[in-house]
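Residue numbers (full-length UniProt numbering), protein chains in the order written: chain A, 1 to 195; chain B, 1 to 195.
There are 2 protein chains.
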Amino acid sequence: MSNFEVLFDYIQEISGKLLSEDDKHLLMAHFKPKKLRKRQYFLQEGDVCKYIGFIVKGSARTFTVDEKGHENVLKLSVENWWLADFESFYLLTPSRFNIEALEDLEVLQSTNAQIEEFLKHIPAFSAMQNIISQNNTIATQKRMQAAFSYTAEERYEDLISNYPHFLKRFPQNVIASYLGLSPETLSRIRKNSFK
Amino acid sequence: MSNFEVLFDYIQEISGKLLSEDDKHLLMAHFKPKKLRKRQYFLQEGDVCKYIGFIVKGSARTFTVDEKGHENVLKLSVENWWLADFESFYLLTPSRFNIEALEDLEVLQSTNAQIEEFLKHIPAFSAMQNIISQNNTIATQKRMQAAFSYTAEERYEDLISNYPHFLKRFPQNVIASYLGLSPETLSRIRKNSFK
DNA sequence: ACAATAAGTTGACCTAAGTCAAATGTACTT
DNA sequence: AAGTACATTTGACTTAGGTCAACTTATTGT
């Protein structure tokens, strides 16, 4: 299956609508394949996030670096997710985030201006956008609640049950940062949970 | 200014589009004014959030209650905000949240099915929805970052600079819970910051 | 295959924030 | 206006999780 077929399937499945041949040609004309090797940056702090990427293969982390050089992972992204700092992408302001490939990464990328065109002309695309933003609203609300009202251990258990594959796929220090923990603390939690 | 005029102004301003007379009639036919007194619930845990409300006057808090009876404020909402548990509202599942009026509250409310109609027939309404979900994505991302990488004191300073009116308007224990702090800790932070 | 670099573990210690309890202050209700 | 129910403050104490450092185990690049 080609990269574009992955994208088409995704749009059709999420939106519940079919893409016409014209729709597909429009998408193929304006999404550009891009490959990044592990450790390469999709976005660097201070730059404007000019592209949004649809992940066909691989994974990435979105993180900030605070004054003390402490890295803070906000998001982990895998296949069939969109990759961008949406604040920077929508508002065209410099980003406070870095987005780095955790594994070799293949994306299909496009610009803000192009996305506006897709939304105007492709019904399945705008239906998709609505559903994604609903899902996003829901997911972030859950994560907020978890951050505030769960203990470190509960957040880890929660991750295990919701995204078990994350644990296999990402290094433990990345998972720790994603959970808002130091690597040492996560190491200890794991040790205890084997009893 | 009538309640509906507040809503019309809001939609037009956010969307950057004008509402036709027909649009306005459609909205007036399907948004129902509703008043709640302070302490009354807009939504109770376990119920499906059947209505979305546009706040014309007053304020509300969205919170959960954990096993220990500990309340956890996730959102504070004031005039010109939408009030709902979007997860429950979109998916029609029972809500894990409570929404309670903090001050006497006037909303214009409508149902999921009606909102779908508005989105279909009123261009300004769907433009508004897109912009709101963009803003929402951005705001939640910021709040997530604050929750993970700021200290209690920094989160309080942040609130002061972003929403100074919240401090005047809401009781301190509500603010504390919103910041993910015990009331005692917030009291101490405030004491220290007067030096 | 072998340094070299990074990731994970473990122990000792520290600190921010939570908990409990008592005292004071404020605001609804009748 | 008095009385009851909340809010806030303060102090004493506890605890979850962070920090620093030493060590072990994996990855990575040449």
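Note that CB positions come from ideal geometry on N, CA and C, so glycine has one too. Since this is a predicted model, take the numbers as computed values, not measurements.
Practice task
Would you kindly check if the distance between the Cβ of residue 101/B and the Cβ of residue 39/B is under 8 angstroms?
Solution key: yes
Exercise for the section: If I'm right that residue 152/A touches residue 185/A with Cβ under 8 angstroms, what's the distance once you round it to whole angstroms? Expected result: 6 angstroms
Problem - Beta-carbon neighbours of residue 137/A, restricted to chain B and to distances below 9 angstroms - result: 86, 87, 90, 133, 136, 137, 140
Practice task
Could I get the ranges of all uninterrupted beta strand (DSSP E) runs contained in the region 102 to 181 of chain A, with 3 residues as the minimum, in chain order?
Solution key: 105 to 111
Practice task
Could you check what DSSP says for residue 190/A in three-state terms: helix, strand or coil?
Solution key: helix
Problem - chain B contact residues for residue 47/A, given Cβ-Cβ distances below 7 angstroms - result: Going along chain B, no residue has its Cβ under 7 angstroms from residue 47/A, so there is no contact; the nearest lies around 17 angstroms.
Exercise for the section: Quick one: list the residues of chain A neighbouring residue 155/B, beta-carbon separation under 7 angstroms, in chain order. Expected result: Simply none; closest approach about 11 angstroms.
Practice task
Pull up the DSSP beta-bridge partners for residue 41/A, would you.
Solution key: 100/A
Exercise for the section: Using the Cα positions of residue 105/B and residue 9/A, report the straight-line distance between them to the nearest angstrom. Expected result: 45 angstroms
Exercise for the section: Check whether the Cβ atoms of residue 122/B and residue 23/B sit closer than 8 angstroms, and answer yes or no. Expected result: yes
Exercise for the section: Quick one: give me the first and last residue of the alpha helix (DSSP H) that residue 48/B is part of. Expected result: First-last for residue 48/B: undefined, no H or E at that position.
Exercise for the section: Return helix, strand or coil for residue 31/A, following the three-state DSSP convention. Expected result: coil
Problem - Cβ neighbour criterion (16 or more within 10 Å) applied to residue 53/A - result: buried
Practice task
Compare the C-beta of residue 195/B with all C-beta atoms of chain A and state if any pair is closer than 8 angstroms.
Solution key: Residue confidence for residue 195/B is low, a pLDDT of 46 falling below 50, so the modelled location carries little weight; the figure read from the coordinates is stated next. Judged by the 8 angstroms Cβ criterion, residue 195/B is not in contact with chain A.
Exercise for the section: Closer than 7 angstroms by C-beta to residue 195/A: which residues in its own chain qualify, once you throw out the five before and the five after it? Chain order, please. Expected result: Residue confidence for residue 195/A is low, a pLDDT of 47 falling below 50, so the modelled location carries little weight and cannot support an answer.
Problem - Proximal residues, the UniProt domain "Cyclic nucleotide-binding" (34 to 120) of chain A versus chain B, C-beta separation under 7 angstroms - result: 64, 66, 72, 74, 86, 87, 90
Problem - Simplified DSSP assignment, three categories, for residue 59/A - result: coil
Practice task
Starting from residue 148/B, find everything on chain A with Cβ-Cβ shorter than 8 angstroms and list it in chain order.
Solution key: 72, 74, 147, 180
Exercise for the section: Closer than 6 angstroms by C-beta to residue 118/B: which residues in its own chain qualify, once you throw out the five before and the five after it? Chain order, please. Expected result: 125
Exercise for the section: Tell me, please, whether the CB atom of residue 169/A is closer than 8 angstroms to any CB atom in chain B? Expected result: no
Exercise for the section: Identify, in the order they occur along the chain, each residue of the same chain with its Cβ nearer than 6 angstroms to the Cβ of residue 188/B, setting aside the five sequence neighbours on each side. Expected result: none
Problem - Neighbourhood of residue 180/B by C-beta, 7 angstroms cutoff - its chain only, sequence neighbours within 5 removed - result: 147
Exercise for the section: Answer with yes or no whether the minimum CB distance from residue 144/B to chain A is below 8 angstroms. Expected result: yes
Handout entry: Where residue 88/B falls: helix, strand or coil (DSSP)
Key = helix
Exercise for the section: Report, in whole angstroms, the separation of the C-beta atoms of residue 128/A and residue 14/A, which I expect to be a contact under 8 angstroms. Expected result: 5 angstroms
Handout entry: Burial state of residue 139/B, where buried means 16 or more other Cβ atoms lie within 10 Å
Key = exposed
Exercise for the section: Please confirm if the region 78 to 95 of chain A is in contact with the region 43 to 50 of chain A, defined as three or more CB-CB distances below 8 angstroms between the two stretches. Expected result: yes
Practice task
Pull up the CB-CB distance for residue 42/B and residue 60/B, whole angstroms please, since I reckon it's below 8 angstroms.
Solution key: 6 angstroms
Practice task
Look up residue 77/A in the DSSP assignment and say whether it is helix, strand or coil.
Solution key: strand
Exercise for the section: Verify whether the separation of the beta carbon atoms of residue 73/B and residue 45/B is less than 8 angstroms. Expected result: no
Handout entry: Under the three-state DSSP convention, the category residue 83/B falls into
Key = strand
Practice task
Give a yes or no on whether the C-beta atoms belonging to residue 107/A and residue 79/A are separated by under 8 angstroms.
Solution key: no
Practice task
Could you tell me the boundaries of the alpha helix (DSSP H) in which residue 19/A lies?
Solution key: No alpha helix (DSSP H) holds residue 19/A; DSSP gives it neither H nor E.
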